[in-house]
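Chains as they are written, first to last, in this note's numbering: chain D, 75 to 371; chain C, 75 to 371.
In what follows, a single structure is set out as structure tokens and then discussed.
Number of protein chains: 2
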Amino acid sequence: MSFDLAGYLAERKKIIEQALDRYLPPENTYPEKIHQAVRYSIFAGGKRIRPILMLASYEIFRSDYERVLAFACALEMIHTYSLIHDDLPAMDDDDFRRGKPTSHKVFGEATAILAGDALQAEAFRLMAEAGIKEGLEPERVIWAIYELANSAGLSGLVSGQIMDLEKQGKKYTEKELEFIHRHKTASLIRASIKIGAILAGAEKKEIKALEEFGERIGLAFQIMDDILDIVGGEKLGKPIGSDQKKQKATYPALLGLNKSEERAKALVEQAFKFLEDFEEKAEPLRAIARFLIEREY
Amino acid sequence: MSFDLAGYLAERKKIIEQALDRYLPPENTYPEKIHQAVRYSIFAGGKRIRPILMLASYEIFRSDYERVLAFACALEMIHTYSLIHDDLPAMDDDDFRRGKPTSHKVFGEATAILAGDALQAEAFRLMAEAGIKEGLEPERVIWAIYELANSAGLSGLVSGQIMDLEKQGKKYTEKELEFIHRHKTASLIRASIKIGAILAGAEKKEIKALEEFGERIGLAFQIMDDILDIVGGEKLGKPIGSDQKKQKATYPALLGLNKSEERAKALVEQAFKFLEDFEEKAEPLRAIARFLIEREY
Chain D
75 MSFDLAGYLA
85 ERKKIIEQAL
95 DRYLPPENTY
105 PEKIHQAVRY
115 SIFAGGKRIR
125 PILMLASYEI
135 FRSDYERVLA
145 FACALEMIHT
155 YSLIHDDLPA
165 MDDDDFRRGK
175 PTSHKVFGEA
185 TAILAGDALQ
195 AEAFRLMAEA
205 GIKEGLEPER
215 VIWAIYELAN
225 SAGLSGLVSG
235 QIMDLEKQGK
245 KYTEKELEFI
255 HRHKTASLIR
265 ASIKIGAILA
275 GAEKKEIKAL
285 EEFGERIGLA
295 FQIMDDILDI
305 VGGEKLGKPI
315 GSDQKKQKAT
325 YPALLGLNKS
335 EERAKALVEQ
345 AFKFLEDFEE
355 KAEPLRAIAR
365 FLIEREY
Chain C
75 MSFDLAGYLA
85 ERKKIIEQAL
95 DRYLPPENTY
105 PEKIHQAVRY
115 SIFAGGKRIR
125 PILMLASYEI
135 FRSDYERVLA
145 FACALEMIHT
155 YSLIHDDLPA
165 MDDDDFRRGK
175 PTSHKVFGEA
185 TAILAGDALQ
195 AEAFRLMAEA
205 GIKEGLEPER
215 VIWAIYELAN
225 SAGLSGLVSG
235 QIMDLEKQGK
245 KYTEKELEFI
255 HRHKTASLIR
265 ASIKIGAILA
275 GAEKKEIKAL
285 EEFGERIGLA
295 FQIMDDILDI
305 VGGEKLGKPI
315 GSDQKKQKAT
325 YPALLGLNKS
335 EERAKALVEQ
345 AFKFLEDFEE
355 KAEPLRAIAR
365 FLIEREY
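Written as structure tokens, this is what we have:
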């Protein structure tokens with residue numbers, strides 16, 4: 075089946091960025107500084123993979139994706155907040171992200187911390203607001219909020235990030251490395267795909283299958299990220315080798331480049347099995363998954 | 075009417091702290107460091123005023139407060155997260171809070187940032203989870219989540235904190251000072267009282283009256299906080315005069331001590347008018363409001 079992935083990704087990216095622009099208060103809202111900082115990081119680029127995955131999952135079951143765009147934007151807000159905080163001097167201390175100075179380099183540390191804090195709150199505000207306005211099934215809205223909060227908190231991003239910091243320059247086992255990747259990256263990617271299915275009214279069995287798919291491509295995505303940090307990528311926008319310099323726990327460092335790439339590909343193959351029942355309706359999800367392990371940025 | 079406020083506050087504090095203990099994962103949960111940091115700040119003391127206000131508001135309408143305890147705990151989690159981040163070196167740079175070393179002094183900056191981030195996410199997770207489990211009206215649960223997110227984000231805490239930082243050592247108008255206090259403090263106190271009424275199934279008019287009450291006592295509460303920072307209080311647990319040292323925007327600095335105290339008392343008097351329709355059912359709320367302007371800690 076032919077599927078124009080590049081066109082699809084570009085169109086979706088545009089739709090999501092337009093929605094983000096609608097949902098965020100204008101830059102000149104008082105106090106201007108925090109609104110500028112929030113918009114700076116949200117519009118600093120990015121593939122918008124999480125919202126794109128959420129919408130693709132939703133569209134297996136329903137076509138009226140406009141009513142869940144707010145949830146897609148909430149996912150991007152949580153992702154962006156986590157990047158702003160990860161880049162802070164007390165954390166990874168990164169000066170550049172996607173080729174642009176990081177938030178604390180532009181606005182100072184206090185504003186960067188607060189911009190991340192605001193984006194986390196705004197993500198939940200936006201989901202709740204859409205839940206009230208869009209006529210969605212309220213139980214499903216609460217479930218979606220639960221999944222996003224769960225993937226962001228102690229069971230997700232935060233625990234991944236703390237172990238990532240903890241293991242820099244230290245010995246680590248494969249099990250610890252997997253914990254980091256599962257929490258820091260796979261958690262939010264899995265939640266994105268799950269939330270799409272939840273909001274579309276999918277059955278429990280279907281949601282479970284998509285969750286399994288999401289977990290595997292989330293892990294594969296992070297392995298490829300680690301690989302790209304070494305081999306570089308045209309549009310990566312950050313210095314090559316920064317993981318090595320920081321002595322981060324990564325798959326290439328533990329298993330080597332070839333084995334890591336094999337691992338990522340095997341995970342995507344496994345992931346595809348969970349899409350079988352959805353037949354051609356899951357073609358966009360398959361195409362995105364393939365892209366995740368073939369991309370150069 | 076006689077009302078044993080001290081006994082009431084002590085009992086409620088205990089109930090809320092027991093609930094917080096139940097809702098937060100144990101300290102030995104992997105990764106231990108972040109779970110320790112989260113519990114350290116949550117159990118570092120505090121009056122638990124926000125959850126107490128929420129329950130008192132709920133109980134104007136219903137007596138079965140156990141089913142909304144998770145929401146009360148969520149309010150305390152948001153409050154605690156904001157304190158952890160406010161104390162950071164890049165923000166207010168405070169070493170002590172309630173007589174104990176602040177989170178970043180004990181666990182380091184990265185962990186303190188992440189502990190705050192985790193508490194924000196856990197607050198929303200907990201509300202959504204209780205919304206699913208406790209058989210509450212789903213529309214009301216979503217509304218409550220909306221109010222909390224709204225009071226925490228760009229329309230609340232975050233904008234208050236950024237203006238608070240912005241105005242340190244600078245000239246400020248009474249309007250700017252009021253903006254800071256309304257957003258940094260009144261916002262979450264108002265939300266606490268509003269959420270109690272929302273979850274109890276109160277009518278719009280009743281919710282509005284309680285919101286007006288909350289806004290005013292929230293503002294009075296912050297003015298008293300500023301006053302206590304100067305005159306000190308037995309159980310305050312932080313150095314006296316720290317606002318002055320930082321040249322913070324405060325009411326006593328702008329209007330003097332006497333006028334500030336008058337202002338706080340006038341706000342509480344105004345606030346009481348909005349409770350009239352609730353008659354003796356609002357007695358706990360009145361007693362807490364009186365306590366807020368007579369307290370020494």
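Glycine residues also receive a C-beta, built at the ideal position from the N, C-alpha and C atoms.
ask   = Is there a Cβ from chain D that is less than 7 Å from the Cβ of C/Glu368?
value = By 1-based counting over the second sequence, the position of residue 368 of chain C is 294. Chain D contact via Cβ: absent.
Check whether D/Arg264 and D/Ile297 have beta carbons under 7 Å apart = As a first step, residue 264 of chain D must be located in the first sequence, where it is residue number 190. As a first step, residue 297 of chain D must be located in the first sequence, where it is residue number 223. Cβ distance not < 7 Å, so D/Arg264 and D/Ile297 don't count as in contact.
task = Report the three-state DSSP secondary structure of D/Pro175 (helix, strand or coil).
result = Along the first sequence, read from residue 1 onward, the residue named residue 175 of chain D stands at position 101. Annotated three-state conformation of D/Pro175 is strand, per DSSP.
query = To the nearest angstrom, how far is it from the Cα of D/Leu200 to the Cα of C/Ser229?
reply = Locating residue 200 of chain D in the first sequence gives position 126, counting from the first residue. Locating residue 229 of chain C in the second sequence gives position 155, counting from the first residue. Approximately 12 Å between the Cα atoms of the pair.
query = So which of D/Glu350, D/Asp317, D/Glu370, D/Phe348 has the shortest CA-CA distance to D/Asp392?
reply = Given a span of 75 to 371 for chain D in the structure shown, any question on residue 392 of chain D remains unanswerable.
query = Using a C-beta to C-beta distance shorter than 9 Å, which residues of chain C count as neighbours of D/Asp191?
reply = Numbered from 1 along the first sequence, position 117 holds the residue referred to as residue 191 of chain D. Simply Tyr155, Ser156, His159, Gly190, Asp191, Gln194, Ala226, Gly227, Leu231, Val232, Gln235.
query = In three-state terms, what does DSSP make of D/Phe181?
reply = Reading the first sequence from its first residue, position 107 is the one you call residue 181 of chain D. If DSSP states are grouped into helix, strand and coil, D/Phe181 belongs with the helices.
inquiry  = Among D/Gly330, D/Ile206, D/Lys319, D/Asp161, whose alpha-carbon lies nearest the alpha-carbon of D/Val180?
reply    = For the purposes of this step, residue 180 of chain D is identified with residue 106 of the first sequence, where counting begins at 1. Closest by alpha carbon: D/Asp161.
ask   = How would you label C/Pro100, buried or exposed, when you count the other beta carbons within 10 angstroms and need 16 or more for buried?
value = The sequence position of residue 100 of chain C within the second sequence is 26, counting from 1. Flag for C/Pro100 reads exposed.
message = I want to verify the contact list: residues of chain D whose CB lies under 9 Å from the CB of C/Met165, in sequence order.
response = The residue labelled residue 165 of chain C in the question sits at position 91 within the second sequence. By Cβ distance, chain D contributes Glu183, Ala184, Ile187, Leu188.
task = Measure from the C-beta of C/Ala274 to each C-beta in chain D and report whether the shortest distance is under 7 Å.
result = Reading the second sequence from its first residue, position 200 is the one you call residue 274 of chain C. False, the Cβ-Cβ gap to chain D never drops below 7 Å.
request  = Locate the alpha helix (DSSP H) running through C/Asn332, then write down its first and last residues.
outcome  = Taking the second sequence and counting its residues from 1, the one referred to as residue 332 of chain C is at position 258. That run of the alpha helix (DSSP H) goes 331-347.
key: Helix, strand or coil at D/Phe170 [DSSP, three-state]   = Within the first sequence, the letter at position 96 stands for residue 170 of chain D. Three-state result, D/Phe170: strand.
request  = Determine the chain C residues that contact D/Ile216 at a beta-carbon separation under 7 Å, and present them in chain order.
outcome  = Reading the first sequence from its first residue, position 142 is the one you call residue 216 of chain D. In chain order: Ala202, Gly205, Ile206, Pro212, Val215, Ile216.
Partner residues on chain D for C/Ala223, Cβ-Cβ distance less than 7 Å = Numbered from 1 along the second sequence, position 149 holds the residue referred to as residue 223 of chain C. By Cβ distance, chain D contributes Ala195, Phe198, Arg199, Ala202.
request  = For chain D, find out if any of its Cβ atoms is closer than 7 Å to the Cβ of C/Ile297; answer yes or no.
outcome  = Numbered from its first residue, the second sequence carries residue 297 of chain C at position 223. No, C/Ile297 lies away from the interface with chain D (no Cβ there is under 7 Å from its Cβ).
inquiry  = Between C/Leu239 and chain D, is any beta-carbon pair separated by less than 7 Å?
reply    = Along the second sequence, read from residue 1 onward, the residue named residue 239 of chain C stands at position 165. It does: the Cβ of C/Leu239 has a partner Cβ on chain D nearer than 7 Å.
task = Taking only the alpha-carbon atoms, compute the straight-line gap between D/Gly209 and C/Glu213 and give it to the nearest angstrom.
result = Walking along the first sequence from the start, residue 209 of chain D turns up at place 135. Walking along the second sequence from the start, residue 213 of chain C turns up at place 139. D/Gly209 and C/Glu213: Cα-Cα distance of roughly 11 Å.
task = Return the chain-ordered list of same chain residues with a C-beta closer than 6 Å to the C-beta of D/Ser266, the five sequence neighbours on each side being excluded.
result = As a position in the first sequence, residue 266 of chain D is number 192, starting the count at 1. Cβ neighbours of D/Ser266 beyond the five flanking positions: Arg124, Leu127, Met128, Leu149.
task = Please classify D/Gln110: does DSSP put it in a helix, a strand, or coil?
result = Taking the first residue of the first sequence as position 1, residue 110 of chain D is located at position 36. D/Gln110 falls in the helix class under three-state DSSP.
ask   = Is the Cβ-Cβ distance between C/Phe49 and C/Glu248 less than 7 Å?
value = This structure gives no information on residue 49 of chain C, because the portion of chain C shown stretches from 75 to 371.
ask   = Exposed or buried, what is D/Val305 when buried is set at 16 or more other beta-carbons lying within 10 Å of its beta-carbon?
value = Reading the first sequence from its first residue, position 231 is the one you call residue 305 of chain D. Its Cβ having fewer than 16 others within 10 Å, D/Val305 is exposed.
key: Straight-line Cα distance separating D/Glu91 from D/Arg122   = Locating residue 122 of chain D in the first sequence gives position 48, counting from the first residue. Locating residue 91 of chain D in the first sequence gives position 17, counting from the first residue. Spanning the two alpha carbons is a distance of roughly 8 Å.
inquiry  = Only counting the same chain, and skipping five residues up and downstream in sequence, which positions put a Cβ closer than 7 Å to that of C/Ala411?
reply    = What the structure shows of chain C is the stretch from 75 to 371, and residue 411 of chain C is not part of that stretch, so it cannot be assessed.
ask   = Going straight from the alpha carbon of D/Ala223 to that of D/Glu335, what length do you get?
value = On the first sequence, residue 223 of chain D is found 149 positions in, with the first residue counted as 1. On the first sequence, residue 335 of chain D is found 261 positions in, with the first residue counted as 1. If you draw a straight line from the Cα of D/Ala223 to the Cα of D/Glu335, it is about 31 Å long.
inquiry  = For a test of the three-state rule: what should DSSP assign to D/Thr259, helix, strand or coil?
reply    = For the purposes of this step, residue 259 of chain D is taken as residue 185 along the first sequence, with counting starting at 1. Residue state, collapsed to three classes: helix.
query = D/Pro175 CB to nearest chain C CB: under 7 Å?
reply = For the purposes of this step, residue 175 of chain D is taken as residue 101 along the first sequence, with counting starting at 1. Not an interface residue.
request  = Could you tell me the boundaries of the alpha helix (DSSP H) in which C/Phe287 lies?
outcome  = Taking the first residue of the second sequence as 1, we reach residue 287 of chain C at position 213. For C/Phe287, the enclosing alpha helix (DSSP H) stretches over residues 278-305.
request  = Within the same chain, show all residues whose beta-carbon is closer than 6 Å to that of C/Thr154, passing over the 5 residues directly before and after it, in chain order.
outcome  = As a position in the second sequence, residue 154 of chain C is number 80, starting the count at 1. Here the set comprises Ser115, Ile116, Leu193.
key: CA-to-CA distance, C/Arg171 to C/His257, given in whole angstroms   = Translated into positions along the second sequence, residue 257 of chain C becomes position 183. Translated into positions along the second sequence, residue 171 of chain C becomes position 97. Taking the straight line from one Cα to the other gives about 21 Å.
query = Under 7 Å, do C/Gly292 and C/Ala260 count as touching if we go by C-beta distance?
reply = The sequence position of residue 292 of chain C within the second sequence is 218, counting from 1. The sequence position of residue 260 of chain C within the second sequence is 186, counting from 1. A contact, by the Cβ cut-off of 7 Å.
task = Mind reading off the beta-carbon distance from D/Leu239 to C/Ala184? Whole number of angstroms is fine, and I expect it under 8 Å.
result = Position 165 of the first sequence, counted from the first residue, corresponds to residue 239 of chain D. Position 110 of the second sequence, counted from the first residue, corresponds to residue 184 of chain C. A Cβ-Cβ separation of about 6 Å places D/Leu239 in contact with C/Ala184 under the 8 Å criterion.
For D/Leu328 and C/Glu250, the rounded distance between their alpha carbons = If you number the second sequence from 1, residue 250 of chain C lands on position 176. If you number the first sequence from 1, residue 328 of chain D lands on position 254. Roughly 54 Å separates the two Cα atoms.
ask   = For the alpha helix (DSSP H) that contains C/Phe117, what are its first and last residues?
value = Within the second sequence, residue 117 of chain C is the residue found at index 43, counting from 1. Counting along the chain, C/Phe117 falls outside any alpha helix (DSSP H), and DSSP gives it neither H nor E.
query = What's the C-alpha gap between D/Tyr175 and C/Lys339?
reply = Taking the first sequence and counting its residues from 1, the one referred to as residue 175 of chain D is at position 101. Taking the second sequence and counting its residues from 1, the one referred to as residue 339 of chain C is at position 265. The sequence shown places Pro at residue 175 of chain D, rather than the Tyr named in the question. Taking the Cα positions, D/Pro175 is about 48 Å away from C/Lys339.
inquiry  = Tell me which residue opens and which closes the alpha helix (DSSP H) that C/Gly81 is part of.
reply    = Translated into positions along the second sequence, residue 81 of chain C becomes position 7. It spans 79-97 - the alpha helix (DSSP H) in which C/Gly81 sits, taken as one unbroken run.
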